[in-house]
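Residue numbers (this note's numbering): 544 to 866. I have placed the structure first, in the form of structure tokens, so that the comments after it can refer back to it.
Printed below as a string of structure tokens:
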């Protein structure tokens, strides 16, 4: 197992399957920037499933325990179940999706061996959902996909980003609809990821403010400190809070991110990544990739959320590096 300069291991890799998405959520891929003129990655610039597998194999030698397939929207990439089949015997595989394609893809995902899915869902009422996602997608399409996954036996988590004045009511709506039916409901503080979402601290609803509004929460004991969510219980349902703004968790962060074009990022708020794709395409073997990542990680000092406001370096967009 390798550790960085603060003693943090590399145990978790978030893999961006694509930089494209079928939503334009205002806090992630605002339409005024990610429009028809935006230059998305071309196919040959994106890592193949074989290349992704080779990188994962190299990281297993360094202590990797878990990978999460994300994006962009991972389910818009063709045959994603093929990659899951490549990885599943070696490492725990999870996925984060906006849920739009679950009705079409759930059966193939199940057959590939995937069992854990996190669904990003910022509201369950149509007006708020369409405003948050800046789309005309019917939220009921996502809700029916969730129902299908529950019926099939998937373990589901829900992620909800809360923005002041927009979807604070979604906390109770989502709890009312899914309490006792999903593994965890998680509320996320609106974060200053990337450079295009117009983030303002005033728009952040903190975890403590949400907890005060919900009431009757009991904090769970003996929590895994490497997990980003602080967990509570409400009437038997696990409620998690991801509080990157008000309660940074940099000191226990064990995550790296692999962009769709093969760059390794050591922080969600990073300004640049390290090019592994070029190494692969120049013929590097698994051992050489492992050595390169070991060098990168051993020099890691990232602690952006602890230092928020002290730096002004440009940040890579969340949709690009597997937010």
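Glycine included, C-beta positions come from ideal geometry on N, C-alpha and C.
Hey, residue i and residue j: beta-carbon distance below 8 Å or not?
i           : j           : result
residue 497 : residue 700 : Any property of residue 497 remains undetermined from this structure, which presents the chain solely from 544 to 866.
residue 749 : residue 730 : no
residue 839 : residue 809 : yes
residue 640 : residue 611 : no
residue 553 : residue 606 : yes
Give me whichever residues DSSP pairs with residue i in a beta bridge.
i           : result
residue 662 : 640 and 701
residue 818 : 806
residue 775 : 762 and 782
residue 768 : Answer by DSSP bridge pairing: none, since residue 768 is not bridged.
residue 706 : 747
With DSSP run on the structure shown, which of helix, strand or coil describes residue i?
i           : result
residue 605 : coil
residue 813 : coil
residue 556 : strand
residue 801 : strand
residue 588 : helix
residue 635 : strand
residue 837 : helix
residue 548 : coil
residue 610 : strand
residue 728 : strand
residue 747 : strand
residue 692 : helix
residue 827 : coil
residue 616 : coil
residue 575 : coil
residue 568 : coil
residue 845 : coil
residue 622 : coil
residue 597 : helix
What is the residue span of the beta strand (DSSP E) that residue i lies within?
i           : result
residue 780 : 780-785
Can you tell me where the alpha helix (DSSP H) with residue i in it begins and where it stops?
i           : result
residue 672 : 669-676
residue 718 : 713-721
Are there any heavy atoms of the ligand MG lying less than 7 Å away from the beta-carbon of residue i, as far as the coordinates show?
i           : result
residue 631 : The model on display carries no ligand, and the ligand MG is accordingly not part of it.
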